[in-house]
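Student: For the protein sequence lines, the chains are A and B, in the order given.
According to our numbering, the first sequence holds residues 237 to 395 in order.
According to our numbering, the second sequence holds residues -7 to 182 in order.
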Amino acid sequence: MSERKTTNIILFSGDYDKAMAAYIIANGAAAYDHDVTIFHTFWGLNALRKEEMVPVKKGFMEKMFGGMMPRGADKLGLSNMNFMGMGPKMIKGVMKKHNAMPLPDLIDMAREQEINLVACTMTMDLLGLHKDELLEEIEYAGVAAYLADAENGNVNLFI
Amino acid sequence: MNTIETNFVLDAKGLACPMPIVKTKKAMNNLEAGQVIEIQATDKGSKADLQAWAKSSGHDYLGTIEEGDVLKHFVRKSSSEEAVERKHESVTDNDTLAGKLGDENVVVLDVREKAEYAFKHIPGSISMPFGELETRADELNKDKDIYVVCRTGNRSDMAAQLLAEKGFTNVINVVPGMSDWTGDVESNVK
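1. Let me know if Thr161/B comes out buried or exposed under the rule of 16 or more other beta-carbons within 10 Å of its beta-carbon.
2. So Asn263/A contacts chain B; which residues on that side make the cut at Cβ distance below 7 Å?
3. Can you name, in chain order, every residue of its own chain whose Cβ lies under 8 Å from the Cβ of Ser71/B, other than the five neighbours on each side?
4. Quick check on this structure: which residue in Lys47/B, Asp87/B, Pro12/B, Leu23/B has the alpha carbon closest to the alpha carbon of Thr174/B?
5. If you measure from the beta carbon of Leu2/B to each beta carbon in chain A, is any gap under 8 Å?
6. CB-CB under 7 Å to Phe301/A, same chain, minus the five flanking residues each way: which ones, in chain order?
7. Which residues of chain A have a Cβ atom closer than 8 Å to the Cβ of Trp173/B, listed in chain order?
8. By alpha-carbon positions, which one of Tyr259/A, Asp269/A, His270/A, Phe319/A ends up nearest to His276/A?
9. Between Lys299/A and the rest of its own chain, which residues show a CB-CB distance below 6 Å, the 5 nearest in sequence each way excluded?
10. Between the Cα of Val98/B and those of Ile29/B, Ile13/B, Ile164/B, spot the shortest distance and give me the residue it belongs to.
11. Starting from the N-terminal side, write out each stretch of the beta strand (DSSP E) that is 3 residues or longer and does not extend beyond the stretch 262 to 305 of chain A.
12. I think Leu342/A touches Leu284/A, with their Cβ atoms under 8 Å apart; what is that distance to the nearest whole Å?
13. Whose C-beta lies closer than 7 Å to the C-beta of Met150/B among residues of the same chain, with five residues either side of it excluded?
14. Could you tell me which of Cys142/B, Asp135/B, Gly37/B, Arg128/B sits nearest to Ile114/B, measuring between CA atoms?
15. DSSP three-state label for Ile270/B, please.
16. Looking at the secondary structure, which residues open and close the alpha helix (DSSP H) in which Thr84/B lies?
17. Between the stretch 0 to 14 of chain B and the stretch 310 to 326 of chain A, do at least 3 Cβ pairs fall closer than 8 Å?
18. Straight-line CA distance for Asn318/A to Gly37/B?
19. May I ask you to list the residues that DSSP assigns as paired with Gln32/B?
20. Could you pull out every residue in the same chain whose Cβ sits closer than 6 Å to the Cβ of Pro168/B, ignoring the five residues on either side in sequence?
21. Under 8 Å between C-beta atoms, does Leu7/B make it to chain A?
22. Kindly list the residues whose CB is nearer than 8 Å to the CB of Gly295/A, restricted to its own chain and excluding five residues on each side of it in sequence; keep chain order.
23. Taking only the alpha-carbon atoms, compute the straight-line gap between Gly303/A and Ala46/B and give it to the nearest angstrom.
24. Could you list which residues in chain A have their beta carbon closer than 9 Å to that of Lys17/B, in chain order?
25. So, is the C-beta of Asn392/A closer than 8 Å to a C-beta in chain B?
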């Protein structure tokens, strides 16, 4: 057996549809026996947020950001046709009809398939997100860690 | 309608991409090398997906049967058969066998799995998967020349040895076999 291939995805966007695409590709790549890493940065970090409110000490700006950004994968909006939150409700109905997996389930599946979920610590600071607010058992890293994975990677995506 | 005997049937009906592949991969981990899995899916993209996936992961995609909305895909788990040393002495190649088809003294014995046989086999050949040979060898006529085929020539080598042990004298292993067969073929499925 040859050396395992790797897939590295940067999830920059915090849109439900874009995150879904990222996680579908990641799960597919894991089935291809790739070592898969999703590197969450900027708005992509919101996909990793816990749904519940986590009490952490924050400054004023951090609180503002924390309050305005969606809390968790299920709360993300659409990149197109969001219609103040109606869009996501509609698309979730359509997805149910077609048996497509909702984003939170895709994330669970990704964890089950041992996909590395990485949060970018620099942007966490910028957006005022604390580790306690993100899902358990994810990794924390910076650009060097991403590059180390990506320079020998076979598939590299920025979503 | 055709049913093809397999070692495992995976129900992925109603599931959307990427689930059929993800489930197949999981099911494959529980199979032994050489075993055949049937994947039932309704996702229209699953055929192209499974073909590509099987190719990339070294498994042998056998074919797909469409029954209404359901796609039944057949994949054989890769085995290490490419590496073994062949021991049966009497060996011939595909072309020689092709020239002998129609001779009434010639029997073509296909020792691949039933699903492999179903999708593509030499017309008139007898299907007897290697695992069944031990118990079913008596069905064969010892007076005929038995040409044993499989996909690459390894399972047929083991089968030829087994038949020789059982007292068959005119047993010839065909190398490589179906993977490189260019002659006529027959299929039990549409």
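Virtual Cβ for every residue (Gly too), placed ideally from N, Cα, C.
Tutor: According to the structure data:
1. As a working note, residue 161/B is residue 169 in the second sequence. Burial call: exposed.
2. Taking the first sequence and counting its residues from 1, one reaches residue 263/A at position 27. Near Asn263/A (Cβ distances below 7 Å), the residues of chain B are Pro10, Val14.
3. Stepping through the second sequence from its first residue, residue 71/B is reached at position 79. Excluding positions up to five away in sequence, the list reads Ala25, Gly26.
4. Looking up residue 174/B in the second sequence gives position 182. Selection Lys47/B, Asp87/B, Pro12/B, Leu23/B evaluated against Thr174/B yields Asp87/B as nearest (Cα-Cα).
5. Here residue 2/B refers to the residue found at position 10 of the second sequence. By this cut-off, Leu2/B is not an interface position.
6. Indexing the first sequence from 1 puts residue 301/A at position 65. Excluding positions up to five away in sequence, the list reads Leu363, Gly364.
7. Sequence index remark: in the second sequence, residue 173/B carries index 181 (1-based). Contact note: Trp173/B does not reach chain A at a C-beta cutoff of 8 Å; the least C-beta distance is about 28 Å.
8. The residue labelled residue 276/A in the question sits at position 40 within the first sequence. Considering only alpha carbons, the answer is Tyr259/A.
9. Residue numbering aside, residue 299/A sits at position 63 when the first sequence is read from its first letter. Same-chain partners within the cutoff: there are none.
10. Along the second sequence, read from residue 1 onward, the residue named residue 98/B stands at position 106. When the alpha-carbon of Val98/B is set against those of Ile29/B, Ile13/B, Ile164/B, the nearest one is in Ile164/B.
11. Runs of the beta strand (DSSP E) inside the stretch 262 to 305 of chain A: 271 to 276.
12. In the first sequence, residue 342/A corresponds to position 106, counting from 1. In the first sequence, residue 284/A corresponds to position 48, counting from 1. With 8 Å as the limit, Leu342/A and Leu284/A do not qualify as a contact, their Cβ atoms being about 13 Å apart.
13. Taking the second sequence and counting its residues from 1, the one referred to as residue 150/B is at position 158. The residues are Phe122.
14. Numbered from its first residue, the second sequence carries residue 114/B at position 122. Ranked by Cα distance from Ile114/B, the first of Cys142/B, Asp135/B, Gly37/B, Arg128/B is Cys142/B.
15. Any answer about residue 270/B is impossible in this case: the structure gives chain B only from -7 up to 182.
16. Residue mapping note: residue 84/B aligns to position 92 of the second sequence, counting from 1. In the DSSP annotation of this structure, Thr84/B is not part of any alpha helix (DSSP H); the continuous beta strand (DSSP E) holding it starts and ends at 83 to 85.
17. No, the stretch 0 to 14 of chain B is not in contact with the stretch 310 to 326 of chain A.
18. For the purposes of this step, residue 318/A is taken as residue 82 along the first sequence, with counting starting at 1. For the purposes of this step, residue 37/B is taken as residue 45 along the second sequence, with counting starting at 1. Using only the alpha carbons, I get a separation of about 28 Å.
19. Mapped onto the second sequence, residue 32/B falls at position 40. Answer by DSSP bridge pairing, in chain order: Asp3/B, Lys64/B.
20. Numbered from 1 along the second sequence, position 176 holds the residue referred to as residue 168/B. If we look at Pro168/B and ignore the five residues flanking it on each side, its Cβ neighbours are Thr144, Gly145.
21. The residue given as residue 7/B occupies position 15 in the second sequence. Yes, because at least one Cβ of chain A sits closer than 8 Å to the Cβ of Leu7/B.
22. Locating residue 295/A in the first sequence gives position 59, where the first residue counts as 1. Excluding residues within five positions, the ones whose Cβ falls inside 8 Å are Gly364.
23. Here residue 303/A refers to the residue found at position 67 when the first sequence is read from its first residue. Here residue 46/B refers to the residue found at position 54 when the second sequence is read from its first residue. Cα to Cα, Gly303/A sits roughly 46 Å from Ala46/B.
24. Position 25 of the second sequence holds residue 17/B. Close partners of Lys17/B in chain A (Cβ separation under 9 Å): Ala266, Ala267, Tyr268, Asp269, Gln349.
25. Locating residue 392/A in the first sequence gives position 156, counting from the first residue. No, because no Cβ of chain B sits closer than 8 Å to the Cβ of Asn392/A.
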